[in-house]
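Residue 20 is where the sequence shown starts when you use the working numbering, and the numbers rise one by one after that.
Think of the CB as a built atom: it goes at the ideal place given N, C-alpha and C, for glycine as much as any other residue.
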Amino acid sequence: MTATANARFHKIAEFVLGRREDTLAHRPELAPSLEYRWKHTLRVAQYGKQLAEAEGASVELVVAACLLHDVARFDVADHGIEHGRVGARIARPLLAELGFAPADVDNICFSIAVHVDDKADFEHPVTLESKVVNDADNIDRFSAYRILLHFRDTLDDYETLVARASQRIEKLKRYRQEAQVMGTETGNRLFNRQLDLQIEVFERLVADSRITRMPEI
Ligand SMILES: [Fe+2]
Ligand SMILES: [Fe+2]
């Protein structure tokens with residue numbers, strides 16, 4: 020990776036964190052969720068780098084897109100399902116200012132725009148980079164940390180927790196049976212690794228619930 024690329028990544032990070040600061044100035048109570056969002060962003064960028072290298076995508080474009088993919092989620096406004104397309108509009112002038120070539124700006128903006136629901140609001144062919152960004156985001160959405168978050172509200176209600184774990188296992192196994200959920204081979208391999216960990220943890224929880232009773236001999 021060149022010095023220019025790393026300098027650009029730092030400028031992008033500064034930009035995203037600057038927007039987070041602007042939001043926190045009005046809404047300090049959002050600090051924990053925006054901290055999670057930034058940590059998620061960093062992990063998506065790491066997965067993006069790994070996937071881009073393995074798949075032969077442009078590492079620089081993928082990492083830039085990953086760092087910006089959720090930029091709209093650092094706003095006070097909740098853009099919901101639009102946050103990809105809004106994010107692409109926020110990112111475009113920054114990318115031009117950082118000296119990315121026009122075709123690269125389009126590719127990065129397309130990758131940001133489509134990461135939520137596969138839809139952009141401008142014409143562009145699907146690119147390997149956009150598939151990699153999408154995969155990187157989905158891999159982190161099934162992280163070990165997410166297992167903990169899944170039960171955050173239910174820790175004191177064991178019956179509900181076990182019922183939730185059982186439902187979750189069914190959903191995860193359906194994903195696991197599909198041959199190619201992700202956009203790339205490497206994405207699928209890393210995603211399956213996440214699924215296997217989650218399935219194992221949830222199955223262990225359910226198994227523990229079955230021995231939560233008096234033994235008989
Ligand atoms: Fe997102
Ligand atoms: Fe994301």
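For residue i, three-class secondary structure by DSSP
i	result
A237	Coverage of the chain is limited to positions 20 through 236, which leaves residue 237 absent and any answer about it impossible.
I236	coil
D89	coil
V202	Val is not the amino acid found at residue 202; the sequence shown has Gly there. Coil.
E79	helix
D136	coil
S162	coil
F210	helix
L174	coil
E222	helix
A107	helix
H102	helix
D94	coil
Proximal residues to residue i (C-beta, below 8 Å), its chain only, five neighbours per side dropped
i	result
I218	I188, L191, K192, R195
H88	T60, V63, G103, G106, S130, I131, H134, V152, D156
I100	V135, D136
Proximity to residue i [Cα-Cα], best of the options
i	options	result
S228	E204, T203, D176, D215	D176
A73	R232, L53, A83, E204	E204
H134	L147, L49, D123	L147
G103	L80, F28, D140	D140
R38	D94, P47, S77, A64	D94
L86	N153, T60, D156, V181	T60
E142	V81, S130, A76	S130
A64	S52, H29, H98, H45	H29
G118	R92, K138, L80, R223	L80
K68	R208, D154, E197, V82	V82
V78	A184, R208, T21	T21
R56	A91, D123, A110, I127	A91
I166	V124, R223, G202, A96	R223
A122	I109, K138, P144	P144
G206	Q186, R160, I230	R160
Segment limits, alpha helix (DSSP H) that includes residue i
i	result
P51	50–74
P121	121–133
H29	22–45
E189	177–196
E148	147–159
Cβ-based burial, residue i [other Cβ within 10 Å; buried from 16]
i	result
L70	buried
N25	exposed
L168	exposed
H174	Reading off the sequence shown, one finds Leu at residue 174, where the question assumed His. That one is exposed.
M233	exposed
Q213	buried
I230	exposed
Contacts around residue i, its chain only, beta-carbon distance under 6 Å, and the 5 residues preceding and following it disregarded
i	result
L113	F34
Residues of its chain near residue i, where Cβ-Cβ distance is below 7 Å and the 5 sequence neighbours each way are ignored
i	result
A50	L43
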